[in-house]
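See structure below.
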Amino acid sequence: MDHGGLGKEWHSFHLSLKREGDHITLDSTQSDDQTTGSINFLASHGTLSSYFGQHFHQYDPSLLSNHGLSAGIDEVKLRQGSILQPEWPAALGCRAHTFTKLKGAVRAVLAQATSGQVMAGTAVYVIAYWRILDNPKDNGYYVLTVSR
Numbered sequence: 002m003d004h005g006g007l008g009k010e011w012h013s014f015h016l017s018l019k020r021e022g023d024h025i026t027l028d029s030t031q032s033d034d035q036t037t038g039s040i041n042f043l044a045s046h047g048t049l050s051s052y053f054g055q056h057f058h059q060y061d062p063s064l065l066s067n068h069g070l071s072a073g074i075d076e077v078k079l080r081q082g083s084i085l086q087p088e089w090p091a092a093l094g095c096r097a098h099t100f101t102k103l104k105g106a107v108r109a110v111l112a113q114a115t116s117g118q119v120m121a122g123t124a125v126y127v128i129a130y131w132r133i134l135d136n137p138k139d140n141g142y143y144v145l146t147v148s149r
């Protein structure tokens with residue numbers, strides 16, 4: 002997934018999708034432990050199921066984004082203490098980065114299950130903003146952005 006911003010470790014989450022009859026399970030229990038950095042994300046059954054529900058919009062755009070959006074996945078397995086289910090106190094300041102990559106990973110799992118019949122993935126990018134004091138006398142600032 003990414004570097005947590007502290008230490009030298011890289012962290013990842015892992016998703017597997019399994020179908021047994023009419024029962025569909027998404028398992029993330031093999032994801033890495035939570036980080037001391039701010040890339041932890043508080044995932045839930047609702048958030049992960051909703052990502053899958055969005056997949057069905059490509060077939061029927063009249064579907065509403067309501068509670069039924071999460072009905073496509075019967076079971077979501079999350080491991081307490083992982084990067085996707087951190088224990089308090091956990092740094093969450095950069096969770097949007099993990100959120101974006103997680104949505105892309107859900108599409109990748111769906112692509113494997115459907116022979117590539119999925120919507121295009123999201124662009125994974127990071128925008129960093131720095132406020133730099135240009136002239137201390139008049140408090141003039143520049144805002145610089147960097148994307149990758």
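The sequence shown runs 2 to 149 under this note's numbering. From the three backbone atoms N, C-alpha and C, an ideal C-beta is built for every residue, glycine too.
Which term fits residue i, buried or exposed, when burial requires 16 or more other beta carbons within 10 angstroms of its beta carbon?
{"i": "H24", "result": "exposed"}
{"i": "L7", "result": "exposed"}
{"i": "V127", "result": "For V127, the pLDDT reaches just 47, beneath the cut-off of 50, and the residue's location in the model is therefore unreliable, leaving the point undetermined."}
{"i": "K108", "result": "The amino acid at residue 108 is misidentified as Lys; the sequence shows Arg. Buried: at least 16 other Cβ atoms inside 10 Å."}
{"i": "Q86", "result": "buried"}
{"i": "S29", "result": "buried"}
{"i": "Y60", "result": "exposed"}
{"i": "A97", "result": "exposed"}
{"i": "G83", "result": "Looking at the sequence shown, residue 83 is not Gly but Ser. Answer is buried; the Cβ neighbour count reaches 16."}
In angstroms with no decimal places, state the Cα-to-Cα distance between residue i and residue j.
{"i": "H68", "j": "S50", "result": "10 Å"}
{"i": "Q31", "j": "F14", "result": "7 Å"}
{"i": "H58", "j": "L64", "result": "6 Å"}
{"i": "G47", "j": "L70", "result": "9 Å"}
{"i": "I40", "j": "D33", "result": "12 Å"}
{"i": "L16", "j": "T115", "result": "16 Å"}
{"i": "R20", "j": "A72", "result": "14 Å"}
{"i": "R80", "j": "G54", "result": "22 Å"}
{"i": "G117", "j": "L111", "result": "8 Å"}
{"i": "K9", "j": "T101", "result": "22 Å"}
{"i": "V119", "j": "A106", "result": "12 Å"}
{"i": "S45", "j": "G94", "result": "18 Å"}
{"i": "K78", "j": "K104", "result": "16 Å"}
{"i": "A91", "j": "T99", "result": "14 Å"}
Taking DSSP's pairing of strands, which residues face residue i in a bridge?
{"i": "S17", "result": "D28"}
{"i": "K78", "result": "D28"}
{"i": "Q55", "result": "Looking at the DSSP assignment, Q55 forms no beta bridge with any residue, so it has no partner."}
Taking residue i and residue j to be in contact with their CB atoms under 8 Å, please state how far apart those CB atoms are, rounded to whole angstroms.
{"i": "T36", "j": "H12", "result": "5 Å"}
Where do the ends of the alpha helix (DSSP H) carrying residue i lie?
{"i": "L103", "result": "96–114"}
Any heavy atom of the ligand HEM closer than 7 Å to the beta-carbon of residue i?
{"i": "T48", "result": "As for the ligand HEM, it is missing from this structure, which has no ligand bound."}
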